[in-house]
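See structure below.
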Amino acid sequence: LLLHAEPQKAEDGLKAWIEYTGTTEDGKVFATTDGKEPLDFVIGEEGSWLEEAVMDLAVGESREVTLGEDRPIYGFWKEELVKSCPIDKIPPGAQ
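Taking this note's numbering, the leading residue of the sequence shown gets 1, the next gets one more, and so forth.
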């Protein structure tokens with residue numbers, strides 16, 4: 001018996017793992033998971049271009065996404081997510 005099933009498509013609430021390489025228009029790499037663990041996140045919790053990029057993709061599928069002012073690389077500023085921390089509580093070497 002051979003079963004054929006469509007791979008599950010990305011949708012809100014699912015955990016996703018992605019491998020990516022971000023490049024500038026001139027081809028310079030500014031971020032990548034190459035040689036590292038894939039980036040993981042729950043679809044619907046980021047509120048960024050990342051979710052738009054993976055929505056409806058199945059395992060093994062890929063998509064090219066162009067970022068810019070309307071799609072900031074690291075998402076839009078959310079003041080409610082800003083946290084304060086005394087400088088002496090930040091571990092040495094933290095970035």
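Every residue gets a Cβ at the ideal spot worked out from N, C-alpha and C, and that includes glycine.
The beta-carbon distance between K78 and V42, rounded to whole angstroms, is 16 Å. This is too long to meet the 8 Å contact definition.
Around T23, the same chain offers V29, F30 as residues with beta carbons nearer than 8 Å, after the five sequence neighbours per side are excluded.
Annotation: the continuous beta strand (DSSP E) that includes L39 extends over 39 to 42.
Between S48 and S84, the alpha-carbon positions lie close to 23 Å from each other.
L39 and E45 have their C-alpha atoms some 14 Å from each other. With fewer than 16 other beta carbons inside 10 angstroms of its own, V65 counts as exposed. Between L50 and K9, the CB-CB gap reaches or exceeds 9 Å.
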